[in-house]
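K.L.:
In UniProt numbering, the protein residues as written are 1 to 443.
1) So, for residue 106: in the same chain, excluding its five sequence neighbours on each side, which residues have a beta-carbon less than 6 Å away from its beta-carbon?
2) Just to confirm the assignment: which complete beta strand (DSSP E) runs, minimum length 3, are found wholly within the segment 160-209?
3) Buried or exposed for residue 336, going by 16 or more other Cβ atoms inside 10 Å?
4) For residue 256, which of helix, strand or coil comes out of DSSP?
5) Secondary structure at residue 74, three-state DSSP: helix, strand or coil?
6) Spatial neighbours of residue 405 within its chain, please: C-beta separation below 8 Å, excluding the five flanking residues on both sides.
7) Which residues bound the beta strand (DSSP E) around residue 82?
8) Would you call the segment 221-236 and the segment 83-93 touching, i.e. three or more CB-CB distances under 8 Å?
9) Could you please give me the residues that DSSP links to residue 23 through a beta bridge?
10) On the premise that residue 177 lies in contact with residue 379, defined as a C-beta separation below 8 Å, what is that separation, rounded to the nearest angstrom?
11) What first and last residue would you give for the alpha helix (DSSP H) that runs through residue 144?
12) Within 10 Å of its beta-carbon, does residue 287 have 16 or more other beta-carbons around it, so buried, or fewer, so exposed?
13) Please return the same chain residues whose Cβ sits closer than 7 Å to the Cβ of residue 79, not counting the five positions on each side in sequence.
14) Taking residue 426 as part of the alpha helix (DSSP H), name the residues at either end of that continuous run.
15) What are the residues that DSSP puts in a beta bridge with residue 221?
16) Between the C-alpha atoms of residue 412 and residue 94, what's the straight-line distance to the nearest angstrom?
17) Might you give, ordered along the chain, the residues of its own chain that have their beta carbon closer than 8 Å to the beta carbon of residue 219, omitting 5 neighbours on each side?
18) Is residue 28 near the ligand PLP - that is, is its Cβ less than 7 Å away from at least one heavy atom of it?
19) Would you call residue 53 buried or exposed, if buried means 16 or more other Cβ atoms sit within 10 Å of its Cβ?
20) Just the C-alpha distance for residue 61 and residue 359, rounded to the nearest angstrom, thanks.
21) Which same chain residues, not among the five before or five after residue 145, have their C-beta less than 6 Å away from its C-beta?
22) If the criterion is Cβ atoms closer than 8 Å, does the pair residue 137 and residue 64 meet it?
23) Relative to the C-alpha of residue 67, which residue among 27, 15, 268, 47 is closest?
24) Below 6 Å CB to CB, which residues in the same chain sit around residue 205 once its five sequence neighbours on both sides are set aside?
25) If you draw a straight line from the C-alpha of residue 308 to the C-alpha of residue 333, how long is it?
26) Please name the residue in 438, 331, 432, 179 whose C-alpha comes closest to that of residue 132.
27) Does the Cβ of residue 269 have 16 or more other Cβ atoms within 10 Å, making it buried, or fewer, making it exposed?
28) Which whole-angstrom value is the C-beta distance of residue 45 and residue 26, which I expect to be below 8 Å?
29) Out of 246, 345, 297, state which residue places its alpha-carbon closest to the alpha-carbon of residue 13.
30) Quick one: is residue 126 buried, meaning 16 or more other Cβ sit within 10 Å of its Cβ, or exposed?
31) Is the distance from the Cβ of residue 276 to the Cβ of residue 294 below 8 Å?
32) How would you write the range of the beta strand (DSSP E) that residue 283 sits in, first residue to last?
33) Measuring alpha carbon to alpha carbon, tell me which of 262, 331, 430 ends up nearest residue 446.
34) Less than 8 Å separating the beta-carbons of residue 49 and residue 314?
35) When DSSP labels each residue in this structure, what does residue 124 get in the three-state scheme?
36) Should residue 36 be labelled buried (16 or more other beta-carbon atoms within 10 Å of its own) or exposed?
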């Protein structure tokens, strides 16, 4: 009974509901001119763990709710773990990490009545125009994927790659589903919630069990290091994509999921992904959201799972770890020699040469400030292009219906509905007019 009383650990504040599987990354193309990271060398095979999730939902919430989907990868390389903690969208709602907790609060239950509040969501979105691109994605049928196997994944952030000569490049990751995109309409997603709230977990497990192993083609966009300074919009802005006409996708390999976990709690619930887990050849960019996440994720794991979460089998690197960290809850792998550095007894020492090439210079003071605006930086241009150039007539009709349905909840006030109409009108006048008609608001 004492053990039973302690069987639960705190659920993730974000990405609580999810599932995953193990697989293998295979690199088929030579990208050594861009990075010296071992896992991305031609012919290399690397074991991995992939966890899918919803963002806002609680641990018992429905898999098919309208929400972005987490797409977190852990690569067990021979140089340590490399984690890419992304989503099924190439962008996000905000670009300032200071706003993250407030944004997530709007997706969670209110503290007074313990209910979800669509009015709070629209209040935040309409006062945060940088959200327009991601909310546009969310309100299409891409917000309700039919399965995890039928959606793309993205690293979302911009990252640094550097090669053996120390030459630097900026990179974005794209993971393209080989099963094809398949989404639910809003009505189909609602029906799936009622029929099977665990549909996505069940679908992935059953597919792998019957030998139908899902795979994704791994593409990258590469930007020369010098291009970033004067590119037409800020390339580190998480609310923007890089147009493929400027930086086309390059296929470098494929990964396949081929093994289910044997114990969900031990291998999925306790799986800990952190954007700060890099290997030589890869580093962070000045993306402000990424910089905020470098600390936050590992700190979350120490609180949620325990100080020594990296000693758990699912999180333990396959390469030896030489560290002077010791003690803390559940420690079972301790340094046997000197427990401090520097020391005179031959203990492990850092090897800075492993990361030669990672350093780069930034100009200006280190302060909390907005991104420096480039010539074409604005918040509505890319979602306008999505509406005009990407979505089909059916996609547009579903997007309008989804927006109207979301903004028609009883708690959404009449003044908020007017702000919702203004938000979408800023993206495109036809979109705004259609939303206004659906909400019964004068455009």
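Even for Gly, the Cβ is constructed at its ideal location relative to N, Cα and C.
P.N.:
This is what the structure gives:
1) To locate residue 106, count along the chain shown from 1; it is residue 106. Answer for residue 106: 120, 121, 124, listed in chain order.
2) Here the runs fully enclosed are 168-177.
3) The residue labelled residue 336 in the question sits at position 336 within the chain shown. Counting Cβ neighbours within 10 Å, residue 336 comes out exposed, since fewer than 16 surround it.
4) In the chain shown, the residue the question calls residue 256 occupies position 256. Looking at residue 256 - three-state DSSP - the assignment turns out to be strand.
5) Your numbering for residue 74 matches position 74 in the chain shown. Of the three classes helix, strand and coil, the one that applies to residue 74 here is strand, per DSSP.
6) The residue given as residue 405 occupies position 405 in the chain shown. If we look at residue 405 and ignore the five residues flanking it on each side, its Cβ neighbours are 186.
7) Translated into positions along the chain shown, residue 82 becomes position 82. It spans 80-87 - the beta strand (DSSP E) in which residue 82 sits, taken as one unbroken run.
8) no
9) Walking along the chain shown from the start, residue 23 turns up at place 23. Answer by DSSP bridge pairing, in chain order: 48, 257.
10) Residue 379 sits at position 379 when you count from the first residue of the chain shown. Residue 177 sits at position 177 when you count from the first residue of the chain shown. At roughly 29 Å, the Cβ-Cβ gap does not stay under 8 Å, so residue 379 and residue 177 are not in contact.
11) Indexing the chain shown from 1 puts residue 144 at position 144. Segment: none, residue 144 is in no alpha helix (DSSP H) and carries neither H nor E.
12) Counting from one through the chain shown, the residue named residue 287 turns up at place 287. Residue 287 should be labelled buried.
13) The residue given as residue 79 occupies position 79 in the chain shown. 38, 279, 280, 319.
14) Numbered from 1 along the chain shown, position 426 holds the residue referred to as residue 426. Start and end: 414-427.
15) To locate residue 221, count along the chain shown from 1; it is residue 221. Residue 221 is bridged by DSSP to 172.
16) Mapped onto the chain shown, residue 412 falls at position 412. Mapped onto the chain shown, residue 94 falls at position 94. Going by the C-alpha atoms only, they are around 22 Å apart.
17) As a working mapping, residue 219 is identified with position 219 in the chain shown. Hits under 8 Å: 173, 174, 175, 176, 249, 250, 251, 252.
18) With respect to the ligand PLP, the structure offers nothing, as it holds no ligand at all.
19) Taking the chain shown and counting its residues from 1, the one referred to as residue 53 is at position 53. Buried: at least 16 other Cβ atoms inside 10 Å.
20) Looking up residue 61 in the chain shown gives position 61. Looking up residue 359 in the chain shown gives position 359. Rounded to the nearest angstrom, the two C-alpha atoms are 43 Å apart.
21) Position 145 of the chain shown, counted from the first residue, corresponds to residue 145. Answer for residue 145: 151, 183, listed in chain order.
22) The residue you call residue 137 lines up with position 137 of the chain shown. The residue you call residue 64 lines up with position 64 of the chain shown. For residue 137 and residue 64, no; Cβs fall outside 8 Å.
23) For the purposes of this step, residue 67 is taken as residue 67 along the chain shown, with counting starting at 1. It is 15.
24) Mapped onto the chain shown, residue 205 falls at position 205. For residue 205, same chain residues with a beta-carbon under 6 Å away, outside a window of 5 residues either side, are 260 in chain order.
25) As a working mapping, residue 308 is identified with position 308 in the chain shown. As a working mapping, residue 333 is identified with position 333 in the chain shown. Roughly 9 Å separates the two Cα atoms.
26) Taking the first residue of the chain shown as position 1, residue 132 is located at position 132. Ranking the options by Cα distance to residue 132, first place goes to 432.
27) Taking the first residue of the chain shown as 1, we reach residue 269 at position 269. Flag for residue 269 reads buried.
28) Residue numbering aside, residue 45 sits at position 45 when the chain shown is read from its first letter. Residue numbering aside, residue 26 sits at position 26 when the chain shown is read from its first letter. Contact holds; Cβ gap of about 5 Å.
29) Position 13 of the chain shown, counted from the start, is the residue given in the question as residue 13. Sorting 246, 345, 297 by C-alpha distance to the C-alpha of residue 13 places 297 at the top.
30) Locating residue 126 in the chain shown gives position 126, where the first residue counts as 1. The residue is buried, with at least 16 neighbouring Cβ atoms inside 10 Å.
31) Here residue 276 corresponds to residue number 276 of the chain shown, with the count starting at 1. Here residue 294 corresponds to residue number 294 of the chain shown, with the count starting at 1. The answer is yes: Cβ separation under 8 Å.
32) Indexing the chain shown from 1 puts residue 283 at position 283. First-last of the beta strand (DSSP E) with residue 283: 282-284.
33) This structure leaves residue 446 out entirely; the chain is present only between 1 and 443.
34) Counting from one through the chain shown, the residue named residue 49 turns up at place 49. Counting from one through the chain shown, the residue named residue 314 turns up at place 314. For residue 49 and residue 314, yes; Cβs fall inside 8 Å.
35) Sequence index remark: in the chain shown, residue 124 carries index 124 (1-based). DSSP places residue 124 in helix when its eight states are reduced to three.
36) Within the chain shown, the letter at position 36 stands for residue 36. By the 10 Å Cβ count, residue 36 comes out buried.
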